[in-house]
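Numbering (the UniProt record's numbering), first residue to last: 1 to 353.
Pasting the structure below:
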């Protein structure tokens, strides 16, 4: 059995085990519900346009604004319609707007004389969207890499604790074990994110947010390859960290560098997303480029060649971390007499073959 075949075998085993894990399945369902609720419920709770009671002479501007108009005989009838909860608001002589307990903003806007607005930067991103998009990109990458990375490390430690790793190593090359776990984690993570993305896109379409989807499309398109390559880089680090420990209780101690590699870029993108210079630097650093570069594409700050260069840098970094992770993994996987230091695993890799 060559390395490729062994890698595929290990990956298939890891995927089968995870798909039978109720925690994983319920977690995926939970995120799908959050995605659906976050995109579908706000438009539903916002409700439709107000129903307004008004005399025929004052109905024109309200109809033009798309409000539902109910024509009544006089002001007294309009006020009574509000009391009876037949309408949301009424417009009476003055003009004055009547409502029970909340000002009907859409009615007030329809009756207001608004000045002409001329945007000097019509392509500028809405401030609310500009805040949410970097948070969502960073949060998705942070949460996914953290969740699946910890699971990869726990899987490695469990195999060491049960000594099943000795049987596995006798059957397949050690590097195939690492590669299979990384490939399986990447497939599961990408599959989960893809499902969530599909639900979110359908929810946005339901909420009539087609304009936002158009703006997000280029950023999402680039986020996919950056996400996959970035996850492979971190997964190799998580697997190597897991191989250094011999008990589940030790995972926090051995994974501190990986935790920092995940958390620091997350907070950097969140807090520095409005700093053009900082974002330019972050979009080329391997640990932050999976979120920083798609964000710069969304805001229009990146030239067409920049994501290509950034992705190449990330690919080279992922390859280097895979090789380094494989060396650490080989040097510590069969050591079951306590925690293995990184230096020991690196130096004595060849003695474990």
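Each residue gets a CB set at the ideal place from its N, CA and C atoms; glycine is no exception.
Beta-carbon proximity check, residue i vs residue j, cutoff 8 Å
i: residue 170; j: residue 233; result: no
i: residue 189; j: residue 148; result: yes
i: residue 175; j: residue 3; result: yes
i: residue 243; j: residue 333; result: yes
i: residue 184; j: residue 15; result: yes
i: residue 54; j: residue 78; result: yes
i: residue 294; j: residue 223; result: yes
i: residue 158; j: residue 168; result: no
i: residue 161; j: residue 247; result: yes
i: residue 70; j: residue 51; result: yes
i: residue 355; j: residue 35; result: The chain is shown only over 1 to 353; residue 355 falls outside these bounds and no answer can be derived.
i: residue 33; j: residue 196; result: no
i: residue 278; j: residue 301; result: no
i: residue 339; j: residue 245; result: yes
i: residue 153; j: residue 241; result: yes
Residues sharing a beta bridge with residue i, DSSP
i: residue 71; result: 54
i: residue 92; result: 96
Contacts around residue i, its chain only, beta-carbon distance under 6 Å, and the 5 residues preceding and following it disregarded
i: residue 99; result: 89
i: residue 322; result: 236
i: residue 350; result: Only weak support is given to the placement of residue 350: the predicted model assigns it a pLDDT of 47, under 50, and the question is left unresolved by the model.
i: residue 341; result: none
i: residue 347; result: none
i: residue 28; result: 192
i: residue 258; result: 237, 238 and 241
Integer Cβ distance of residue i from residue j, believed to fall under 8 Å
i: residue 155; j: residue 262; result: With 8 Å as the limit, residue 155 and residue 262 do not qualify as a contact, their Cβ atoms being about 18 Å apart.
i: residue 282; j: residue 272; result: 7 Å
i: residue 10; j: residue 180; result: 2 Å
i: residue 326; j: residue 173; result: With 8 Å as the limit, residue 326 and residue 173 do not qualify as a contact, their Cβ atoms being about 10 Å apart.
i: residue 320; j: residue 331; result: The pair is not a contact, with the Cβ atoms about 17 Å apart (cut-off 8 Å).
Same chain, Cβ closer than 7 Å to residue i, five either side skipped, listed in chain order
i: residue 186; result: 228, 231, 232 and 235
i: residue 182; result: 232, 235, 236 and 239
i: residue 138; result: 266, 269, 270 and 291
i: residue 310; result: 283, 284, 289 and 293
i: residue 92; result: 75, 78, 79 and 98
i: residue 142; result: 262 and 266
Sequence-distant residues of its chain with Cβ nearer than 8 Å to residue i (five each side left out)
i: residue 313; result: 284, 286 and 289
i: residue 150; result: 238, 251 and 255
i: residue 73; result: 55
i: residue 81; result: 53, 70, 72, 87 and 90
i: residue 122; result: Because the pLDDT of residue 122 is 49, which lies under 50, any placement of that residue in the model is unreliable, and the question is left without a value.
Counting only runs of 4+ residues fully inside the stretch 245–278, write out the alpha helix (DSSP H) ranges in chain order. 251–254 and 256–272
Length-filtered (4 minimum) alpha helix (DSSP H) runs lying within the stretch 137–183: 164–171
Length-filtered (3 minimum) beta strand (DSSP E) runs lying within the stretch 286–329: none
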